[in-house]
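Below you'll find the structure, written out as structure tokens, and then a few comments.
Numbering (our numbering), first residue to last: 14 to 208.
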């Protein structure tokens, strides 16, 4: 009988110990799985099987709050690379703006999926119209907010990536030169963006 009681007490103590550590352990497992998915995606960008595997892993990581924004970003990249544009659009629409790296990313990604769908059906006029709207929205976001350094760089990287789809490189470089004057402490970053 004492053996049964001691076994029960041992099980209760063990359960309490592990239940206190489960969320932490889950986050560690999630981060490990996220790294595996990221490695699969970046080391095998043309391998559909590897990308699908990475997407399955990323879907399982969606419950990980500590890395949710990174998971969302990787999932969107995978869906675009795999050409799963409708699924990507539905996914972005189902998310809250706070679940993205930066608030502007939700609308940017929503519109990007629309533009990519136009590109898929070879409607470049509609695609470019959407890209232009996206750049206008992004410029307004940058001007109306004071993004921190990392968000500032990400927003400008997104902006000039978009502009590269429909703007002449000389015009982009002129605009970048004017930004170097406006933001001299970020001149090296802007040089990186030149085409």
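Yeah, the Cβ is synthetic: ideal placement off N, Cα and C, and Gly gets one too.
8 Å Cβ cutoff met for residue i and residue j
| i | j | result |
| --- | --- | --- |
| residue 84 | residue 47 | yes |
| residue 141 | residue 104 | no |
| residue 133 | residue 92 | no |
| residue 67 | residue 59 | no |
| residue 221 | residue 44 | The structure shown does not extend to residue 221, since the chain is modelled only from 14 to 208, so the question has no answer here. |
| residue 208 | residue 182 | yes |
| residue 144 | residue 175 | yes |
Contact belief for residue i with residue j at Cβ below 8 Å, rounded distance in angstroms
| i | j | result |
| --- | --- | --- |
| residue 90 | residue 113 | The pair is not a contact, with the Cβ atoms about 13 Å apart (cut-off 8 Å). |
| residue 189 | residue 177 | 11 Å between Cβ atoms; not a contact. |
| residue 11 | residue 117 | This structure cannot speak to residue 11, because the chain is shown only from 14 to 208. |
| residue 63 | residue 57 | 4 Å |
| residue 128 | residue 119 | Contact doesn't hold; Cβ gap of about 15 Å is too wide. |
| residue 74 | residue 50 | 7 Å |
| residue 166 | residue 131 | About 28 Å separates the two Cβ atoms, so there is no contact after all. |
Cβ neighbour criterion (16 or more within 10 Å) applied to residue i
| i | result |
| --- | --- |
| residue 115 | buried |
| residue 2 | An answer regarding residue 2 cannot be provided, because it is not within the stretch 14 to 208 covered by the chain. |
| residue 88 | buried |
| residue 172 | buried |
| residue 125 | buried |
| residue 32 | Reliability of the predicted coordinates at residue 32 is poor, the pLDDT of 37 falling under 50, and no value is obtained from them. |
| residue 61 | exposed |
| residue 170 | exposed |
| residue 154 | buried |
| residue 122 | buried |
| residue 107 | exposed |
| residue 198 | exposed |
| residue 148 | buried |
| residue 102 | buried |
**Study point:** Any beta strand (DSSP E) of 3 or more consecutive residues that is wholly inside the segment 95 to 135
**Key:** none
Check your understanding: Curious, which full-length alpha helix (DSSP H) runs of at least 4 residues does the segment 151 to 205 contain?
Key -> 162 to 176, 182 to 195
Check your understanding: Which residue spans inside the segment 49 to 84 form an unbroken alpha helix (DSSP H) run of at least 4?
Key -> 61 to 73
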